[in-house]
Amino acid sequence: MDNEFENPPAAAALTPSKAATSPVALYGGIAVAILALLLAVGGWLSSVNGRAELTQSLGGRIAEIDRSAKDVASRNEALLRDLRDAQNRVAQLEGKLAELQNQRVAIEEMTRDLARAPEDWLLAEIEQTLNIASRELILAGNVRAAIVALQTADQRLSRAEKVQAAPLRRAITQDLERLKAIPAIDTQGIALKLDNLSALASTLPLAVPTSMKDLDGLRPSGLAESKADLPWWRQMWRDFAHEMSDLIRIRELEPNEAALITPQQAIFVRENLKLRLLSARTSLLARDEVNFKEDLKTARELVAKYFDQKAKVNQNAIASLRLLADNAVSIAAPDIVQSLNAVRAARAARERPGR
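For the numbering used here, add 121 to where a residue sits in the sequence shown, where the first one is 1.
So, in structure tokens, the structure goes:
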């Protein structure tokens, strides 16, 4: 008995080991493990399915967004086309509007013109005529054109019955008297004479030799001796001197004699003469009297120096150049501002309300 009660812990220790190795406990553990594995696999499969569904859903959304973007881009292009068409139509309408405005202005002006009385038309035409004459007088010095314009205006005013033209006709008469007192300048006639001289420049005869001094009188007296009386070296010298005298001529130019030039130089002399005459013509039209006279003087000197003074045509050319240089080409002409102011005052008086 004592042995039986002495080892109770050992018996107690053997009891759990037996329980752990029982089949029920073993199968329960395996079942729990399998269940956990199944749960894990189920969770993983659920996660995979969820991701696939999410991916599919996102793909569908992305495709829908792409379709929407393409639709928006197409609509934007259509809107841009509509906007451009609208801008073109607006530009066309603006052009038509501007054209209509111009037509309206023209119609209003035509209406005012039609509403004018014949006297108003007469004064407007006279003012236009005087403006043209004033420009001709200032720019070209055309006194004759100004006189004709003033005379025409005075004649038309003399036939007008309803126009109070006394002040205007008085101003026109005063301007006419001043213009008629100016000596006339025949600009056209002078220009024609210059053109004729320029055409003659190509045919004017050039200077020719008038006196030559032969070398025969300057040869040594011994050269006149017979060849038979001279030694051989003197005969050779005489023959050489004779040949050289045929090649060389010494000419003494008189102070009043024209200069001789080569054919090549003659071309430049004639062209220089033409250029001087053309420059004189330009100065004439510009009313530059200083350069006009200077060009004619230079042309006259060219003819006197390089052309034959005994030729009648050259003498006539020099005389013509001298006469042309005596003409005055620059005259201070008065203006016709007095007549212009008078006609403008007459028009303003008729356009004043309550006239």
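Beta carbons: idealized from backbone N, C-alpha and C, even for Gly.
Asked                                                                                                                        : Found
Pairwise C-alpha distance: residue 472 and residue 466                                                                       : 10 angstroms
Residue range of the alpha helix (DSSP H) that includes residue 459                                                          : 458 to 472
Three-way DSSP call (helix, strand, coil) for residue 251 in this model                                                      : helix
According to DSSP, residues forming a beta bridge with residue 321                                                           : The partner list for residue 321 (beta bridge, DSSP) is empty, contrary to what the question assumes.
heavy atom of the ligand PLP below 6 angstroms from residue 178 C-beta                                                       : Although the ligand PLP was asked about, the structure shown includes no ligands whatsoever.
Buried versus exposed call for residue 293 [16 or more other C-beta atoms within 10 Å across all chains shown]               : buried
Residue 383: first and last residue of the uninterrupted alpha helix (DSSP H) it sits in                                     : Where residue 383 is concerned, there is no enclosing alpha helix (DSSP H), given that its DSSP letter is neither H nor E.
Distance between beta carbons of residue 271 and residue 297, contact taken as under 8 angstroms                             : 5 angstroms
Whether residue 461 touches residue 251 by CB criterion (7 angstroms)                                                        : yes
Beta-carbon proximity list for residue 286, same chain, < 6 angstroms, skipping 5 on both sides                              : 278
Top-ranked residue by Cα proximity to residue 288, from 268, 244 and 152                                                     : 244
Residue 427, buried or exposed, once every other Cβ within 10 Å from all chains shown has been counted against 16            : buried
DSSP bridge partner residues for residue 327 (one or two, in chain order)                                                    : 428
Other residues of its chain near residue 391: CB distance less than 7 angstroms, five sequence neighbours each side excluded : 322 and 323
Distance CB(residue 420)-CB(residue 442) smaller than 7 angstroms                                                            : yes
Closest residue to residue 384 among 357, 395, 404 and 327 (Cα-Cα distance)                                                  : 327
CB of residue 429 within 7 angstroms of CB of residue 435, strictly                                                          : yes
Residue of 318, 264, 184 and 276 minimising C-alpha distance to residue 307                                                  : 264
C-alpha distance - residue 227 paired with residue 217, whole-angstrom precision                                             : 15 angstroms
Alpha carbon of residue 459 to alpha carbon of residue 318, nearest angstrom                                                 : 42 angstroms
Residue 173 (DSSP reduced to helix, strand or coil)                                                                          : helix
Anticipated Cβ contact below 8 angstroms, residue 401 with residue 389, distance rounded                                     : About 19 angstroms separates the two Cβ atoms, so there is no contact after all.
Helix, strand or coil at residue 437 [DSSP, three-state]                                                                     : helix
Top-ranked residue by Cα proximity to residue 295, from 468, 463 and 178                                                     : 463
8 angstroms CB neighbourhood of residue 468 in its chain, flanking five on each side removed                                 : 241, 244, 245 and 248
Distance, residue 194 Cα to residue 157 Cα                                                                                   : 54 angstroms
Contact check, residue 423 vs residue 394, beta carbons under 7 angstroms                                                    : yes
Whole-angstrom distance between residue 453 and residue 398, CA atom to CA atom                                              : 24 angstroms
Neighbour-count burial assignment, residue 315, 16 or more Cβ in a 10 Å radius                                               : buried
Helix, strand or coil at residue 195 according to DSSP, with G and I counted as helix                                        : helix
Endpoints, the alpha helix (DSSP H) within which residue 275 is located                                                      : 264 to 280
Segment limits, alpha helix (DSSP H) that includes residue 287                                                               : 287 to 301
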